[in-house]
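Heads up: the sequence shown runs through residues 1 to 472, numbered per the UniProt record's numbering.
Cβ coordinates follow ideal geometry from the N, Cα and C atoms, glycine included.
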Amino acid sequence: MAAGIMKQLNRYIYVIFILALLFILYFINIYLIWFQRFERGLFFYVYVVIFNILFFLLLWSMAQTMWTDPGKVPLYWGYFLDENENKKKRYCLICHIFKPERCHHCSACNRCVLNMDHHCPWITNCVGFNNRKFFILMLTYIMICDILAVFPMCYESYKIIEKIDQFFHGDDVEIYWFSNLLIICGTLLALAAVFVIGNFYKFHLTLVFNNSSTIENLDRKRQGSKSTGNQTNYDMGYYYNFVQVFGKDPIIWPFPFFTEMGKPVGDGVLWPQRYQEIEIDDDLENRTLNTRNNTVSNNNNNVNGSNNRQLINSHAANQNQMNSNSKIKNNNNHMVTSNNNQNMSDQSKFYQQSGTQPQNRFMQQQNNQNFTLNSQNYGYNSNSQFNSQHNGQVGYNSQLRNYVAKNYWNLKTQNPQFPFLVRECENTEPYIIARYDYGIEKKAFVAGVNEQEIDDVLKNLVDQASNVNKNL
Numbered sequence: 001m002a003a004g005i006m007k008q009l010n011r012y013i014y015v016i017f018i019l020a021l022l023f024i025l026y027f028i029n030i031y032l033i034w035f036q037r038f039e040r041g042l043f044f045y046v047y048v049v050i051f052n053i054l055f056f057l058l059l060w061s062m063a064q065t066m067w068t069d070p071g072k073v074p075l076y077w078g079y080f081l082d083e084n085e086n087k088k089k090r091y092c093l094i095c096h097i098f099k100p101e102r103c104h105h106c107s108a109c110n111r112c113v114l115n116m117d118h119h120c121p122w123i124t125n126c127v128g129f130n131n132r133k134f135f136i137l138m139l140t141y142i143m144i145c146d147i148l149a150v151f152p153m154c155y156e157s158y159k160i161i162e163k164i165d166q167f168f169h170g171d172d173v174e175i176y177w178f179s180n181l182l183i184i185c186g187t188l189l190a191l192a193a194v195f196v197i198g199n200f201y202k203f204h205l206t207l208v209f210n211n212s213s214t215i216e217n218l219d220r221k222r223q224g225s226k227s228t229g230n231q232t233n234y235d236m237g238y239y240y241n242f243v244q245v246f247g248k249d250p251i252i253w254p255f256p257f258f259t260e261m262g263k264p265v266g267d268g269v270l271w272p273q274r275y276q277e278i279e280i281d282d283d284l285e286n287r288t289l290n291t292r293n294n295t296v297s298n299n300n301n302n303v304n305g306s307n308n309r310q311l312i313n314s315h316a317a318n319q320n321q322m323n324s325n326s327k328i329k330n331n332n333n334h335m336v337t338s339n340n341n342q343n344m345s346d347q348s349k350f351y352q353q354s355g356t357q358p359q360n361r362f363m364q365q366q367n368n369q370n371f372t373l374n375s376q377n378y379g380y381n382s383n384s385q386f387n388s389q390h391n392g393q394v395g396y397n398s399q400l401r402n403y404v405a406k407n408y409w410n411l412k413t414q415n416p417q418f419p420f421l422v423r424e425c426e427n428t429e430p431y432i433i434a435r436y437d438y439g440i441e442k443k444a445f446v447a448g449v450n451e452q453e454i455d456d457v458l459k460n461l462v463d464q465a466s467n468v469n470k471n472l
């Protein structure tokens with residue numbers, strides 16, 4: 001029993017130390033300075049009330065950071081990895097799970113943490129997806145309380161030094177040596193905290209506004225990048241990066257608790273990305289199509305009058321004459337009707353052309369400037385848009401993966417017996433991959449980001465899984 005008590009004491013020694021420092025500074029500032037040396041008045045009461053509220057929020061944020069689970073990998077989560085090297089990198093040999101993107105194993109907590117930033121010994125917990133907001137709030141209130149305490153403490157320390165100088169020059173002054181020594185030491189400690197914690201606070205705010213983490217920042221430095229604010233694929237802009245951590249409700253931002261609209265955006269597993277290069281590998285010609293390197297031409301035939309963009313292979317541009325109702329046969333023998341006067345919902349679909357001339361594969365018109373992200377997948381307002389000014393080109397892989405993943409978890413919630421581990425799409429072709437607990441894999445081709453077709457494929461895979469499960 002004594003060994004267990006000592007183990008717990010060693011675990012919380014840093015927390016006890018931090019709390020002791022906080023309450024010592026609180027005692028010096030509020031009791032020794034304001035209650036004993038300042039006159040009562042309006043400014044006195046306003047300051048004391050505000051400081052106590054902020055100090056309470058500091059302690060509340062610290063408790064929430066300590067006691068909130070930073071985020072664990074969902075049960076039965078996994079994804080399709082074609083390369084053995086990637087499987088080795090993303091599989092945790094200790095937890096025996098596949099780690100989602102931005103997930104890391106913490107040796108101190110002995111577990112994998114979603115969107116792990118770092119392990120903080122001062123709070124005996126990891127900072128991750130679920131408690132990062134509380135950690136930032138804790139640093140914020142520490143900085144505010146420290147700055148509010150520094151000014152009266154510096155002023156009182158200056159008066160104490162003057163009295164000590166008068167005392168040594170023979171003047172008859174009354175000096176309370178113990179309390180004065182505490183005030184001077186507390187002032188030095190508060191000044192040091194402003195600079196030390198201030199730099200630490202600035203560093204973590206920069207990471208939040210750039211949608212990065214301490215681990216990812218260290219990885220970039222190892223790869224040669226010197227800038228903390230170096231953009232990553234997860235950088236969605238300052239506002240949306242902040243919303244991902246603090247939630248959509250601005251009223252809840254200053255408070256260390258969650259509401260339905262105040263939760264971190266997303267699930268910590270799937271992450272929207274700034275841009276997605278589209279690569280299509282054709283077995284017949286082994287050619288790559290990259291959306292950012294294709295010729296972009298304006299299409300003025302849209303019903304809504306918007307400037308639609310059509311991405312075409314430059315060497316086959318003279319052969320791409322689209323009729324208003326031309327039929328395209330894709331690699332899965334699906335017949336897809338293309339219409340130049342489609343509405344915007346149809347223009348978010350991607351198709352491929354094959355047959356007698358497989359080199360003439362192209363994507364149907366898509367207006368990147370008006371492409372609206374799925375708010376449930378990405379967690380943003382349904383009007384939030386990508387546009388070409390900030391490289392907002394989203395490929396069918398990214399859309400398909402997120403849409404399928406969302407529907408998978410809906411199915412999983414309604415039917416917990418479904419043994420799916422994986423829903424993913426391959427890097428080279430728009431496939432849905434389903435891998436079952438007993439090692440059987442199924443692969444289904446879809447023509448593009450056609451929600452009805454994806455739903456049909458998902459239902460088909462569900463039926464296959466149920467039949468396989470019955471036969472085992």
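Euclidean distance between Cα positions of residue i and residue j
i: Q273; j: V113; result: 20 Å
i: L139; j: F55; result: 12 Å
i: I5; j: T124; result: 16 Å
i: F246; j: I161; result: 44 Å
i: I142; j: E174; result: 34 Å
i: V194; j: L148; result: 11 Å
i: residue 491; j: I144; result: As displayed, the chain neither begins before 1 nor continues past 472, which places residue 491 out of reach and without an answer.
i: A63; j: N180; result: 32 Å
i: N131; j: Y45; result: 33 Å
i: D117; j: K133; result: 12 Å
i: Q36; j: Q223; result: 56 Å
i: F200; j: E39; result: 36 Å
i: N10; j: A192; result: 26 Å
i: F178; j: L189; result: 16 Å
i: R111; j: E101; result: 15 Å
i: L19; j: K263; result: 27 Å
i: D146; j: N52; result: 12 Å
i: Q166; j: N29; result: 24 Å
i: I24; j: G186; result: 8 Å
i: W271; j: L58; result: 30 Å
The alpha helix (DSSP H) enclosing residue i, as first and last residue numbers
i: C154; result: R132 to F168
i: C185; result: W177 to F209
i: Q273; result: It is not in any alpha helix (DSSP H) - Q273 carries neither H nor E in the DSSP assignment.
i: S61; result: L42 to W67
i: T214; result: T214 to R222
i: V73; result: Looking at the DSSP string, V73 is not in any alpha helix (DSSP H), and its letter there is neither H nor E.
i: F242; result: Y238 to F246
Buried versus exposed, by CB contacts within 10 Å (16 or more), residue i
i: W34; result: buried
i: Q244; result: buried
i: D281; result: In this prediction, D281 scores a pLDDT of 29, lower than 50, which makes its location untrustworthy; no coordinate-derived value is stated.
i: K99; result: buried
i: T68; result: buried
i: D456; result: exposed
i: C126; result: buried
i: T356; result: Low per-residue confidence applies at T356: pLDDT is 32, beneath 50, and the placement is therefore not dependable, though the value from the model is reported in the following sentence. Exposed, since its Cβ has fewer than 16 Cβ neighbours within 10 Å.
i: Y239; result: exposed
i: H169; result: exposed
i: G41; result: exposed
Where the beta strand (DSSP E) through residue i begins and ends
i: V127; result: N125 to V127
i: V113; result: R111 to V113
i: residue 476; result: Lying outside 1 to 472, the shown extent of the chain, residue 476 is not represented and no answer is given.
i: H96; result: Taken as a continuous stretch (DSSP letters only), H96 belongs to no beta strand (DSSP E), as it is neither H nor E.
i: C103; result: Run containing C103: none; DSSP gives neither H nor E here.
Cβ pair residue i, residue j closer than 8 Å
i: H104; j: C95; result: no
i: Y12; j: P121; result: no
i: G128; j: P70; result: yes
i: N233; j: V208; result: no
i: P256; j: S61; result: yes
i: S157; j: I184; result: yes
i: M236; j: K248; result: no
i: F135; j: T65; result: yes
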